[in-house]
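What follows is a single structure, written as structure tokens, with notes after it.
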Amino acid sequence: MSGEAKNDAGVEAESLVVVAHATRTRGLKGEVVADLLTDFPERFQGLSRLFAVASGGEPWPVQLENHWFQKGRVVLKFTGFDTVEAASALVGHDFAVPEAESVRLTDDEYYDWELEGCKVETITGQQVGIVKGVMRTGGVHLLVVVNDEQKDSLVPMVNSIIVKLDTKQQLIVIDPPEGLLEL
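At position 138 of the sequence shown (counting the first as 1) the number is 137 in numbering that gives the first Met the number 0, and the numbers step up by one without a gap.
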């Protein structure tokens, strides 16, 4: 999908932030159980519309009728999906909100999707690679950076290493300690 093309829902696919993924149906009234893909589960409170996105498909709006949390997941009930059969059509879909409705973070906090795709280079201009993800390990997050040879490097997200982080320019400048990039 092109980031410039609008779909029938009037939203750009790339401007959506996924907050849940439907894994199975629940009950007889058309509910789906979804894995939470947000650090802010409270965001479902007061939410009335989500966008359903099938793998490789166009997003389409669905009205959130009700939700509740159960065993670390969220149960979602959508208007017009009132049977198990109807709800089964949603299994495997991601549910997203427009980026403009994402929870605002402080200036030194970033969403994974903001970091993914950023170019990483050292303070001397050496190209390290592109961020392909963020790994969480206890207290320190690690940038997973892939280089041209498809080799991964792990870069701790700490102030002593990350010198500059500019998501608008898609650039992260690091001052790696000796040997970090050879691991």
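Glycine residues also receive a C-beta, built at the ideal position from the N, C-alpha and C atoms.
* Identified DSSP bridge partners for Lys118 -> Residue 118 sits at position 119 when you count from the first residue of the sequence shown. Lys118 is bridged to Ile129 and Leu170.
Which residues in the same chain as Ala53 place their Cβ atom closer than 6 Å to its Cβ, once the five residues preceding and following it in sequence are excluded? Indexing the sequence shown from 1 puts residue 53 at position 54. When the five nearest sequence neighbours on each side are left out, the beta carbons in the same chain lying within less than 6 Å of the beta carbon of Ala53 are those of His92, in order along the chain.
*If we count the other Cβ atoms within 10 Å of its Cβ and call it buried at 16 or more, is Leu75 buried or exposed?*
The residue you call residue 75 lines up with position 76 of the sequence shown. Residue burial annotation: Leu75 is buried, with at least 16 other C-beta atoms found within 10 angstroms of its C-beta.
Apart from the five residues on each side of it in sequence, which residues of its chain come closer than 6 Å, Cβ to Cβ, to His140?
For this step, residue 140 is matched to residue 141 along the sequence shown. Take His140, set aside five residues on each side of it, and the residues of its chain with a beta-carbon closer than 6 Å to its own are Val133 and Met156, in chain order.
Assigned exposure category for Glu108 - 16 Cβ within 10 Å defines buried: On the sequence shown, residue 108 is found 109 positions in, with the first residue counted as 1. Burial is judged here by how many other beta carbons sit within 10 angstroms of a residue's own beta carbon; Glu108 has fewer than 16 and is exposed.
_Assigned secondary structure, Pro40 (DSSP; H/G/I helix, E/B strand, else coil)_ = Residue 40 sits at position 41 when you count from the first residue of the sequence shown. Look at Pro40 here: in three-state DSSP terms it is helix.
- [ ] Throw me the rounded Cβ distance for the Leu144 and Val172 pair, which I believe falls under 8 Å.
- [x] The sequence position of residue 144 within the sequence shown is 145, counting from 1. The sequence position of residue 172 within the sequence shown is 173, counting from 1. For the record, residue 144 in the displayed sequence is Val; it is not Leu. Not a contact, Cβ separation roughly 12 Å.
Which residue's Cα is closest to the Cα of Gly178: Leu170, Ile160 and Glu113? Indexing the sequence shown from 1 puts residue 178 at position 179. For the options Leu170, Ile160 and Glu113, the alpha carbon positioned closest to that of Gly178 is the one of Ile160.
| Which residues in the same chain as Asn146 place their Cβ atom closer than 6 Å to its Cβ, once the five residues preceding and following it in sequence are excluded? | The residue given as residue 146 occupies position 147 in the sequence shown. Annotation for Asn146: Gly128 place their beta carbon closer than 6 Å to its own, counting only its chain and skipping 5 residues before and after.
- Task: Along the beta strand (DSSP E) that carries Val96, what are the first and last residues, could you check?
- Result: On the sequence shown, position 97 is the one that residue 96 refers to. Taken as a continuous stretch (DSSP letters only), the beta strand (DSSP E) holding Val96 covers Asp93 to Pro97.
Please report how far the alpha carbon of Leu114 lies from the alpha carbon of Leu170, in whole angstroms. To locate residue 114, count along the sequence shown from 1; it is residue 115. To locate residue 170, count along the sequence shown from 1; it is residue 171. In this model, Leu114 and Leu170 are separated by some 9 Å (Cα to Cα).
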